[in-house]
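Asks: After the structure tokens below, expect a handful of questions from me.
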Amino acid sequence: MAKPQFGIQMYSVRDLCAEDYLGTIRKIADIGYKNVELAGYYGVSAKDLKAALADAGLNANSAHIGLNYQEPIADQVKSQLEYAQELGLKRYIVPYYPLQEETNEEGVAKMAAILTEAAEIVTAGGLEFGYHNHAFEFAKVNGVPAIDLLLERVSPQLIFAEFDLGWVKVGGEDPAAYLRKYAGRVPVVHAKDFKDDGVDTEIGRGTVDWDSALQAAEEAGVEYVIIEQERYDVGSLESAKLNYAWFKERGW
Numbered sequence: 001m002a003k004p005q006f007g008i009q010m011y012s013v014r015d016l017c018a019e020d021y022l023g024t025i026r027k028i029a030d031i032g033y034k035n036v037e038l039a040g041y042y043g044v045s046a047k048d049l050k051a052a053l054a055d056a057g058l059n060a061n062s063a064h065i066g067l068n069y070q071e072p073i074a075d076q077v078k079s080q081l082e083y084a085q086e087l088g089l090k091r092y093i094v095p096y097y098p099l100q101e102e103t104n105e106e107g108v109a110k111m112a113a114i115l116t117e118a119a120e121i122v123t124a125g126g127l128e129f130g131y132h133n134h135a136f137e138f139a140k141v142n143g144v145p146a147i148d149l150l151l152e153r154v155s156p157q158l159i160f161a162e163f164d165l166g167w168v169k170v171g172g173e174d175p176a177a178y179l180r181k182y183a184g185r186v187p188v189v190h191a192k193d194f195k196d197d198g199v200d201t202e203i204g205r206g207t208v209d210w211d212s213a214l215q216a217a218e219e220a221g222v223e224y225v226i227i228e229q230e231r232y233d234v235g236s237l238e239s240a241k242l243n244y245a246w247f248k249e250r251g252w
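Each residue of the sequence shown is one higher than the last, beginning at 1 in UniProt numbering.
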């Protein structure tokens with residue numbers, strides 16, 4: 001298998017994006033990144049964002065697109081899909097579902113139905129649809145991690161898994177084992193590291209075994225490894241630089 005490309009989730013620098021989104025895109029490119037995953041558009045039109053990414057030499061393959069589960073799903077998805085299509089995205093990823101509020105078979109069934117409804121609209125529109133996990137999806141339901149029950153219920157042709165490898169670890173499972181288990185169904189992963197106290201840190205400074213995880217990612221056919229860091233001991237841009245350097249030092 002080919003080595004995945006690596007990039008950064010723009011949520012990692014959300015403080016800077018809120019001040020100057022297009023300027024932050026340029027700063028990420030100046031670090032050396034070639035790939036980004038988007039998380040919000042900060043009022044910028046799809047046309048202008050597409051041009052800014054092209055000018056910066058950045059590829060945006062995917063975006064995190066949240067849903068309001070208190071409102072009908074279809075209209076939200078259709079509206080977001082139009083923007084994603086104009087932008088030229090390939091993958092539409094839902095970053096969160098409140099499964100922790102109902103971690104049982106009924107809760108998993110509801111989640112599967114809602115994600116399937118959204119995925120059918122997205123895939124009909126020409127994009128791939130994925131779901132990004134946190135730790136709570138690894139809580140056991142009748143002895144089985146809820147994420148496994150979910151992935152059994154939904155069609156692999158409709159929904160892929162974007163495993164956040166740090167959250168897999170926090171959830172008590174082995175990131176490499178999950179990548180191997182779902183090989184071919186995980187085109188994108190998040191590289192996130194956690195210290196023993198459960199706080200984010202730069203890649204390689206936490207508890208994740210990155211040698212095994214990244215080897216498994218390559219073997220499983222992962223296309224993109226997307227760095228995400230939500231909390232920092234240094235500024236968000238400095239963390240982005242440190243994480244970039246970590247990957248480059250290892251031949252990525």
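Every residue, glycine too, gets a C-beta built ideally from N, C-alpha and C.
Values in this document were obtained by computation on a predicted structure and should not be read as measured data.
1. Considering S212, what are the terminal residues of the alpha helix (DSSP H) in which it resides?
2. Can you tell me whether DSSP reads Q85 as helix, strand or coil?
3. Does the separation of the CB atoms of A118 and I147 fall below 8 Å?
4. Leaving out five residues before and five after Y178 in sequence, what residues of the same chain have Cβ atoms less than 7 Å from its Cβ?
5. On the three-state DSSP scale, how would you describe L67?
6. Under 7 Å Cβ to Cβ from P4, same chain only, skipping five residues before and after it: list those, please.
7. For R91, count the other beta carbons within 10 Å of its own beta carbon; 16 or more makes it buried, fewer makes it exposed. Which is it?
8. Between D193 and G166, which are expected to be in contact by the criterion C-beta below 8 Å, what is the C-beta distance as a whole number of angstroms?
9. Helix, strand or coil for I227 per DSSP?
10. Going by beta carbon distance, what residues of the same chain come within less than 6 Å of Y232, once the five residues before and after it are set aside?
11. Use the C-beta contact count for Y97: other C-beta atoms within 10 angstroms, 16 or more gives buried, fewer gives exposed.
12. By alpha-carbon positions, which one of I121, Y69 and T116 ends up nearest to E101?
13. If you scan the region 26 to 72 from start to end, which runs of the alpha helix (DSSP H) of 4 or more residues do you find wholly inside it?
14. Nearest by alpha-carbon distance to D196: which of G171, S212 and A176 is it?
15. Which of the three DSSP states is assigned to G7 in this structure?
16. List the residues that DSSP assigns as beta-bridge partners of G130.
17. Check the C-beta distance from V122 over to L81 and give it rounded, since I have them as a contact under 8 Å.
18. How many angstroms separate the CA atom of G7 from the CA atom of R180?
19. Compute the distance between the beta-carbons of L67 and Y33, then report whether it is under 8 Å.
20. What are the start and end residues of the alpha helix (DSSP H) that includes V188?
21. What three-state label does DSSP hand P175 in the structure shown?
22. Can you give the Cα-Cα distance for L16 and N35, rounded to whole angstroms?
23. So Y244 and I31 are in contact, right, with Cβ under 8 Å, and what is the actual spacing, rounded?
24. Write down the C-beta distance between D200 and E173 rounded to the nearest angstrom, noting that I regard them as a contact closer than 8 Å.
25. Assuming I25 and A56 make a contact with CB atoms under 8 Å, what is their CB distance in whole Å?
Replies: Taking the definition as stated:
1. Looking at the DSSP string, the run of the alpha helix (DSSP H) that includes S212 is W210 to E219.
2. Helix.
3. When the beta-carbon positions are compared, A118 and I147 stay at least 8 Å from each other.
4. The beta carbon of Y178 lies closer than 7 Å to those of F163 and V168 in the same chain, with the five residues before and after it left out.
5. If DSSP states are grouped into helix, strand and coil, L67 belongs with coil.
6. Cβ neighbours of P4 beyond the five flanking positions: A217, E218, V222, E223, Y224 and V225.
7. Here R91 is buried: its Cβ has 16 or more other Cβ atoms, across all protein chains shown, within 10 Å.
8. 6 Å between Cβ atoms; contact.
9. In the structure shown, I227 sits in a strand (DSSP, three-state: E or B).
10. Taken in chain order, the residues that qualify are S239.
11. Looking at its Cβ environment, which holds 16 or more other Cβ atoms inside 10 Å, Y97 is buried.
12. Checked all of I121, Y69 and T116; the closest Cα to E101 is Y69.
13. Along the length of the region 26 to 72, whole alpha helix (DSSP H) runs at least 4 residues long occupy 46 to 56, reported in chain order.
14. Among G171, S212 and A176, the Cα nearest to that of D196 belongs to G171.
15. Judged by DSSP in its simplified three-state form, G7 adopts strand.
16. Residue pairing by DSSP puts G130 in a beta bridge opposite I93 and F160.
17. Indeed they touch by this definition, with Cβ atoms about 6 Å apart.
18. Going from the Cα of G7 to the Cα of R180 covers about 22 Å.
19. The answer is no: Cβ separation not under 8 Å.
20. For V188, there is no enclosing alpha helix (DSSP H); the residue is part of the beta strand (DSSP E) that begins and ends at V188 to A191.
21. Residue state, collapsed to three classes: helix.
22. Roughly 18 Å separates the two Cα atoms.
23. Contact holds; Cβ gap of about 5 Å.
24. Contact between D200 and E173 is ruled out by a C-beta separation of about 18 Å, above the 8 Å threshold.
25. 5 Å between Cβ atoms; contact.
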